[in-house]
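So in my numbering, the last spot in the sequence shown is 256, and the numbers never skip.
The C-beta atom is built at its ideal place from N, Cα and C for all residues, glycine as well.
Here the structure comes first, spelled out in structure tokens, and everything after it is commentary.
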Amino acid sequence: MTRFCPWRRGFWPPAPRRRCAECAVELEGPGIVLDRAPHGEGDFIVTLLTPDGVRRGLAKGGAARRQAGLWEIGNIVSARWTARLPEQLGAYSAELVRPAAALAMDEPESLAVLRAACQLAAQALPEREPAPASFEGLLRLLAGIDIPGFALSELCRWELVLLRELGFGLDFSSSAGGNDRLAFVSPRTGRAVTLSQAGEWVDRLLPLPEFLLGEREAEPGDCAAALRLTGHFLARDVFG
Numbered sequence: 017m018t019r020f021c022p023w024r025r026g027f028w029p030p031a032p033r034r035r036c037a038e039c040a041v042e043l044e045g046p047g048i049v050l051d052r053a054p055h056g057e058g059d060f061i062v063t064l065l066t067p068d069g070v071r072r073g074l075a076k077g078g079a080a081r082r083q084a085g086l087w088e089i090g091n092i093v094s095a096r097w098t099a100r101l102p103e104q105l106g107a108y109s110a111e112l113v114r115p116a117a118a119l120a121m122d123e124p125e126s127l128a129v130l131r132a133a134c135q136l137a138a139q140a141l142p143e144r145e146p147a148p149a150s151f152e153g154l155l156r157l158l159a160g161i162d163i164p165g166f167a168l169s170e171l172c173r174w175e176l177v178l179l180r181e182l183g184f185g186l187d188f189s190s191s192a193g194g195n196d197r198l199a200f201v202s203p204r205t206g207r208a209v210t211l212s213q214a215g216e217w218v219d220r221l222l223p224l225p226e227f228l229l230g231e232r233e234a235e236p237g238d239c240a241a242a243l244r245l246t247g248h249f250l251a252r253d254v255f256g
């Protein structure tokens, strides 16, 4: 979804552009830096998340002083990927759009969230497969990374989006029985369970914080419960 972006004074993200010639492939559009690794002398192998999915490429001179800060993990960039053939590693060039890494540097919680989200995306999402919902969700998280109290609760919501896009979405739309408040999730089925239906199984169910249902803002302790919930299904279904 394209929205007005105050950082670029225009609409963001722009629609990715592709140019395919006889011996060249070019992709251009927004990206989020998920990882970087030294390569040779002064270069990086960079991993970006784009609306088209995770894509790696060589950032020539990425470690040079003139590119200092560009390839920091969590940064939002306008990137251009080029290669002679689609299956090749390709090369990246980019312009910085939002220095999320620098904005989170002074807040330990925000910095931890940024690193955790980028690492999770890099490990969980398959390379070169479209992931528009995960991209949009992570973009929203990083756009507000410097807002106090925003990052951790948004990470919890984004992990639900990630699970859904990978085909392991949790079902909060209806309960497994009963008409009262949804309070738990079955660790086996991923379906919500009401307070009255929990019964003797309550100790085996995962608590469902109300803020994940959009009913209120997160309260102390909610995010820890939410991360235990998403962590269970990530460990079992994505990394198991």
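In the DSSP assignment, what are the bridge partners of G185? The partner list for G185 (beta bridge, DSSP) is empty, contrary to what the question assumes.
If you measure between the beta carbons of W87 and A75, is that distance less than 8 angstroms? yes
Grab the span of the beta strand (DSSP E) containing V113 for me, first residue to last. A107 to R114
Do you know whose CA, among T98, A120 and A79, lies nearest P159's CA? Before going further, note that residue 159 is Ala rather than Pro in the sequence given. Selected option, being the one with the closest Cα: A120.
Beta-carbon gap between S169 and F227 smaller than 8 angstroms: yes
First and last residue of the alpha helix (DSSP H) that includes L127? P124 to A140
Per-residue DSSP class, three states only, for G78: coil
Nearest residue (CA-CA) to R204, options Q213, R156, C239 and D253: D253
Which residue wins for smallest C-alpha separation from C134, given the options L65, A208 and A149? L65
What did DSSP end up calling A199 once you bin it into helix, strand or coil? strand
Work out the CA separation of D162 and A257 for me, nearest whole Å. No answer is possible for residue 257: it lies beyond the span of the chain, which begins at 17 and ends at 256.
Distance check for L178 and R244, CA to CA, integer angstroms please. 15 angstroms
Unbroken beta strand (DSSP E) run spanning P46, endpoints: A40 to H55
Beta-carbon proximity of L198 to A208, cut-off 8 angstroms: yes
Rank G47, V62 and P46 by C-alpha distance to the C-alpha of A53 and give the top, closest one. V62
Can you give me the Cβ contacts of L105 inside the same chain, cut-off strictly under 8 angstroms, excluding the 5 residues immediately before and after it? I61, R72, G73, L74 and A99
Simplified DSSP state of W97, which is helix, strand or coil: strand
Mind checking which residues open and close the alpha helix (DSSP H) that includes F60? Unbroken run through F60 is the beta strand (DSSP E), D59 to T66; no alpha helix (DSSP H).
If you reduce the DSSP assignment to three classes, tell me which class P164 lands in. coil
Residue closest to W183, alpha-carbon to alpha-carbon, out of R220, A140 and L155: In the sequence under discussion, the amino acid at residue 183 is Gly, which differs from the Trp named in the question. Measuring from the Cα of G183, the nearest candidate turns out to be A140.
To test your reading of the DSSP string, which unbroken beta strand (DSSP E) runs of 3 or more residues are found completely within the stretch 204-245? 207-210
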